[in-house]
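Line order of the protein sequences matches chains C and X. If you're matching positions, the first sequence starts at 178 in our numbering and goes up one per residue. If you're matching positions, the second sequence starts at 178 in our numbering and goes up one per residue.
2 protein chains.
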Amino acid sequence: MEEPRKRARPGRVPAPAGRTSRPRQAEVARLAGVSQATVSLVLGARKQGATISEETRRKVLDAVRALGYVPDPAASRLAAARNNLLGVFSFTSTFPTDVQHSYYPFLVGVEQEAAARGYDLVLFTGSSTGGAGAAGPNALARVRLADGCLFLGRHAPAEELRRLVADGFPVVHLGRRDELEGLAWVGADYISASQEVVAHLAALGHRRIVLVREDDEAPASTDREHGFLKGLEEAGLPGGPAAVFRSADPERELTAERLRGWLDEGVTAFVAEETDTGDAWRALHGAAHFVGIDCPRDASLALLGSPPPDLAEEPVPTGFDIPRPQLGAAAVRMLAALVSGEEAAEPLVACTFRPGSTAGPAPARY
Amino acid sequence: MEEPRKRARPGRVPAPAGRTSRPRQAEVARLAGVSQATVSLVLGARKQGATISEETRRKVLDAVRALGYVPDPAASRLAAARNNLLGVFSFTSTFPTDVQHSYYPFLVGVEQEAAARGYDLVLFTGSSTGGAGAAGPNALARVRLADGCLFLGRHAPAEELRRLVADGFPVVHLGRRDELEGLAWVGADYISASQEVVAHLAALGHRRIVLVREDDEAPASTDREHGFLKGLEEAGLPGGPAAVFRSADPERELTAERLRGWLDEGVTAFVAEETDTGDAWRALHGAAHFVGIDCPRDASLALLGSPPPDLAEEPVPTGFDIPRPQLGAAAVRMLAALVSGEEAAEPLVACTFRPGSTAGPAPARY
DNA sequence: GCGCATTACTAATACGCATTAGTGATCCGG
DNA sequence: CCGGATCACTAATGCGTATTAGTAATGCGC
Numbered sequence: 178m179e180e181p182r183k184r185a186r187p188g189r190v191p192a193p194a195g196r197t198s199r200p201r202q203a204e205v206a207r208l209a210g211v212s213q214a215t216v217s218l219v220l221g222a223r224k225q226g227a228t229i230s231e232e233t234r235r236k237v238l239d240a241v242r243a244l245g246y247v248p249d250p251a252a253s254r255l256a257a258a259r260n261n262l263l264g265v266f267s268f269t270s271t272f273p274t275d276v277q278h279s280y281y282p283f284l285v286g287v288e289q290e291a292a293a294r295g296y297d298l299v300l301f302t303g304s305s306t307g308g309a310g311a312a313g314p315n316a317l318a319r320v321r322l323a324d325g326c327l328f329l330g331r332h333a334p335a336e337e338l339r340r341l342v343a344d345g346f347p348v349v350h351l352g353r354r355d356e357l358e359g360l361a362w363v364g365a366d367y368i369s370a371s372q373e374v375v376a377h378l379a380a381l382g383h384r385r386i387v388l389v390r391e392d393d394e395a396p397a398s399t400d401r402e403h404g405f406l407k408g409l410e411e412a413g414l415p416g417g418p419a420a421v422f423r424s425a426d427p428e429r430e431l432t433a434e435r436l437r438g439w440l441d442e443g444v445t446a447f448v449a450e451e452t453d454t455g456d457a458w459r460a461l462h463g464a465a466h467f468v469g470i471d472c473p474r475d476a477s478l479a480l481l482g483s484p485p486p487d488l489a490e491e492p493v494p495t496g497f498d499i500p501r502p503q504l505g506a507a508a509v510r511m512l513a514a515l516v517s518g519e520e521a522a523e524p525l526v527a528c529t530f531r532p533g534s535t536a537g538p539a540p541a542r543y
Numbered sequence: 178m179e180e181p182r183k184r185a186r187p188g189r190v191p192a193p194a195g196r197t198s199r200p201r202q203a204e205v206a207r208l209a210g211v212s213q214a215t216v217s218l219v220l221g222a223r224k225q226g227a228t229i230s231e232e233t234r235r236k237v238l239d240a241v242r243a244l245g246y247v248p249d250p251a252a253s254r255l256a257a258a259r260n261n262l263l264g265v266f267s268f269t270s271t272f273p274t275d276v277q278h279s280y281y282p283f284l285v286g287v288e289q290e291a292a293a294r295g296y297d298l299v300l301f302t303g304s305s306t307g308g309a310g311a312a313g314p315n316a317l318a319r320v321r322l323a324d325g326c327l328f329l330g331r332h333a334p335a336e337e338l339r340r341l342v343a344d345g346f347p348v349v350h351l352g353r354r355d356e357l358e359g360l361a362w363v364g365a366d367y368i369s370a371s372q373e374v375v376a377h378l379a380a381l382g383h384r385r386i387v388l389v390r391e392d393d394e395a396p397a398s399t400d401r402e403h404g405f406l407k408g409l410e411e412a413g414l415p416g417g418p419a420a421v422f423r424s425a426d427p428e429r430e431l432t433a434e435r436l437r438g439w440l441d442e443g444v445t446a447f448v449a450e451e452t453d454t455g456d457a458w459r460a461l462h463g464a465a466h467f468v469g470i471d472c473p474r475d476a477s478l479a480l481l482g483s484p485p486p487d488l489a490e491e492p493v494p495t496g497f498d499i500p501r502p503q504l505g506a507a508a509v510r511m512l513a514a515l516v517s518g519e520e521a522a523e524p525l526v527a528c529t530f531r532p533g534s535t536a537g538p539a540p541a542r543y
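Structure representation (structure tokens):
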């Protein structure tokens, strides 16, 4: 009646001749002369009071080191435990050929913070290039292998994200994202930063300030406008629609005439928002140059963010910098908090004011 | 004798009240009126010829859709005895603050190739910052949670690498590394590339060519010299020690006098190797400029590699480019081959010749 | 010196899926 | 019309770990 239990499974390659396969807890147990369960107890972060003698613990740990044992992440997860892996998912390639568009600056902080907290990172690439889970409707499912996952970029499909969140899987989105109920995110505090820039200009004596923004409903844009207007209000300056120039194509619509018009109306400072393309700043910068404005003598310019690479050589714009590494780190902190069930961490990261050289005292009127 | 099999496991949260946890294959099977195995067969990419009727397949797929079934990656990978994870280990931080020193260009290719082959990447950092596995003497042990691991940079401790290799753990080193028996690596084919550059110069009529190299025993250096000499030989030009100028500090030792001496001896072309610092090229470039050489009219210059960033603006040097993304991709291919037990892939990656503008026809003699 | 704790383990089992060895049907050739 | 082949599917089992119920072995109080 004895069934042959140890028969080799045909589908499995029995490790290339002579080589030992990766060690399992069972092998550690054998070497230490204990049971597999004991190995698990020694290694695990005991929740209940299972007591292990010092002697046994030492034997097990020695065996672990001797064999170079490392727990299998899939098995840990299946058994409802942690595996100390945090996922990083980007819908587009994490390392695009064009460095400019990469998430590199964020990853700097992500890697550091993750390492500091004892997590390793798993890169899930969900791009059209194929990806491990094909590009099917469940491209995001793979991330469940990790303890939690960070999402980069605004392209993460809402439906699948919602599903992960609904299942209680720890998820953090890098970049504000309110429309998805229950989705945790971290983002830059554009409101305060924009407000600070306006305060700076006001302190320099500017009394009329105009914001140039693109036609965009992203939170990043509306937040800046919000902060801008708040800054005006705090300084007791005129706000309202007249203070905001909104254009879908600023490079064409922000004409020299329009700029002269503003100057004639007494506007002495201009603020542009930062966008992917940097068009608002480019347009503002170009028009000012065209009109022959000597900046910051005749008028001041400020940029709510960083300049596009092609304008990086120009005099440093007054404005603020988005601390990308810190954002990445904050995202990891929040994810770690979710994973371990702690209280959620702070979602907003402060931007740093950049004095720059495009803003100066308001010119004397007339 | 009946054991209570379905008793709830205390450690598990029984899905937030009301909401059912996500479906399993078993539930799909129940709904479709088939067995769990059948569901697995329908969903899996059958390797063996298990045949399923169209009728059944449809029922299963309908049930899958109806329940919103998504496979659990932990279970899949555990059962398949394959995590589909490739490790990427760098001794220094994978994402240093200074992008210049990063492995970014390699990672571009690594990510693409890994994604195309269905692998996800696990990032391991061996720096002192810790990572999940502390920095102990077994810092490398953690990479075993992946199916195999790629090593970047020459700092990977030999002893531990040897251990991994000896244990049969699939390892690939990015960059040639012969001293470690059995270590698989991929590297650029500097020999052929250097040879090609010499051939190009010879075809332009140059009859005496000198190589400027630093004092370094790295394979990357010796390979270039090897290819350089081979190129001379093929072209029937004078080689030997006189054709190679080796210096630990070329910027000081490659003086104007020395350069003039070579020119007087009839040397019309100079080749520098690329190094971390780019000193050989910088020295050569500087001396030529100092002596007042009109390049490429009076003499030709070539660089065996890419110029350092600070000299990137100068006229593009004739030479070759190291296809870093391709190198990364080749490394992944080799690692994938090792993991799946296939035949090893090609370790050498061809460099691409870069015409540049610093080499031209040899000047008429006298 | 007997019951009851406590200590230090081990046996058994579940997690969700993939794989394979069956197992009835049905078909086919001679 | 019978032995074998093919088809379509299911039962059973294993992957590696975490958890818990159980079990000897000892200690302790009265």
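All residues carry an ideal CB built from backbone N, CA and C; glycine is no exception. The structure displayed is predicted, hence computed values, not measured ones.
### Task
May I ask you to report which of helix, strand or coil DSSP gives Ala-292/C?
helix
#### Entry: Local Cβ density within 10 Å of Asp-297/X, reported as buried at 16 or more and exposed below that
buried
### Query
Where DSSP assigns a beta bridge to Leu-357/X, which residues make up the other side?
Per DSSP, none; premise fails for Leu-357/X.
### Query
Around the C-beta of Arg-501/C, are 16 or more other C-beta atoms found within 10 angstroms, so that it is buried, or is it exposed?
buried
### Query
Helix, strand or coil: how does DSSP classify Ile-386/C here?
strand
### Task
Quick one: list the residues of chain C neighbouring Ala-318/X, beta-carbon separation under 7 Å, in chain order.
Gly-245 and Val-247
### Message
Check whether the stretch 520–540 of chain C and the stretch 466–478 of chain C are in contact - that is, three or more C-beta pairs closer than 8 Å.
### Response
yes
### Task
Determine the chain C residues that contact Ser-369/X at a beta-carbon separation under 7 Å, and present them in chain order.
Chain C residues near Ser-369/X: none, gap ~25 Å exceeds 7 Å.
### Query
Where do the N-terminal and C-terminal ends of the beta strand (DSSP E) with Glu-450/X fall, by residue?
446–450
### Query
In chain order, what residues of the same chain have a beta carbon less than 6 Å from the beta carbon of Ala-206/C, not counting five sequence neighbours either side?
Ser-212, Gln-213 and Val-216
### Query
Looking only at C-alpha atoms, which of Thr-399/C, Pro-396/C, His-462/C and Ala-395/C sits nearest to Pro-427/C?
His-462/C
### Task
Report the three-state DSSP secondary structure of Val-247/C (helix, strand or coil).
coil
### Task
Say whether chain C places a C-beta atom closer than 9 Å to the C-beta of Thr-271/X.
yes
### Query
Smallest Cα separation from Ala-397/C: which of Asp-239/C, Ala-522/C, Ile-499/C and Ser-517/C?
Ile-499/C
### Task
Go ahead and label His-377/C buried or exposed: buried means 16 or more other beta carbons lie within 10 angstroms of its beta carbon, across all protein chains shown.
buried
### Task
Have a look at the DSSP bridge pairing and note the partners of Cys-326/X.
Gly-264/X and Val-348/X
### Message
With three or more C-beta pairs closer than 8 Å as the rule, is the stretch 383–399 of chain X touching the stretch 441–453 of chain X?
### Response
yes
### Query
Who pairs with Val-526/X in a beta bridge, going by DSSP?
Ala-365/X
### Task
Answer yes or no: does any C-beta atom of chain X fall closer than 9 Å to that of Gln-503/C?
no
### Query
Going along the chain, which residues of its own chain have a beta-carbon closer than 6 Å to the beta-carbon of Glu-373/C, five neighbours each way excluded?
Phe-530
### Task
Residues of the stretch 277–300 of chain X with a CB closer than 7 Å to any CB of chain C: list them in chain order, please.
Tyr-281, Leu-284, Val-285, Glu-288, Gln-289, Ala-292, Ala-293, Gly-295, Tyr-296, Asp-297, Leu-298, Val-299 and Leu-300
### Query
For Gly-129/C, does the three-state DSSP call read helix, strand or coil?
Residue 129/C lies beyond the stretch modelled for chain C, which goes from 178 to 543, so this question has no answer here.
### Task
With a threshold of 16 other CB atoms inside 10 Å of the CB of Gly-408/C, please say whether the residue is buried or exposed.
buried
### Message
Taking 9 Å as the threshold (C-beta atoms), are Val-526/C and Ala-514/C in contact?
### Response
no
### Task
Sort Leu-341/C, Glu-337/C, Arg-199/C and Ser-267/C by Cα distance to Gly-245/C and report the nearest one.
Arg-199/C
### Query
Thinking C-alpha only, which one of Asp-456/X, Ala-465/X and Asp-453/X is nearest Glu-434/X?
Ala-465/X
#### Entry: Nearest-angstrom beta carbon gap, Pro-494/C and Pro-176/C [assumed within contact, 8 Å]
Examination of residue 176/C is not possible in this model, given that chain C is present from 178 through 543 alone.
#### Entry: Three-state class that DSSP yields for Tyr-543/C in the structure shown
Confidence at Tyr-543/C is low in this model, with a pLDDT of 48, below 50, so the placement of that residue is unreliable and no value is reported for it.
### For Leu-351/X and Leu-329/X, believed in contact at Cβ under 8 Å, the rounded distance
5 Å
### Message
Check whether chain C comes within 9 Å of Ser-217/X, counting only Cβ atoms and requiring the distance to be less than that.
### Response
no
#### Entry: Alpha carbon of Thr-399/C to alpha carbon of Phe-266/X, nearest angstrom
41 Å
### Query
From this set, Gly-345/X, Glu-336/X, Pro-334/X and Ala-335/X, which residue's C-alpha is nearest Arg-321/X's C-alpha?
Gly-345/X
### Query
Helix, strand or coil: which one does DSSP assign to Arg-199/C?
coil
### Query
With DSSP run on the structure shown, which of helix, strand or coil describes Arg-339/C?
helix
### Message
Residues of the stretch 332–358 of chain C in Cβ contact with chain X at a cutoff of 8 Å, in chain order, please.
### Response
Arg-340, Ala-343, Asp-344 and Gly-345
### Query
For a contact meaning CB atoms closer than 7 Å, what does Pro-250/C contact in chain X?
Asn-260 and Leu-322
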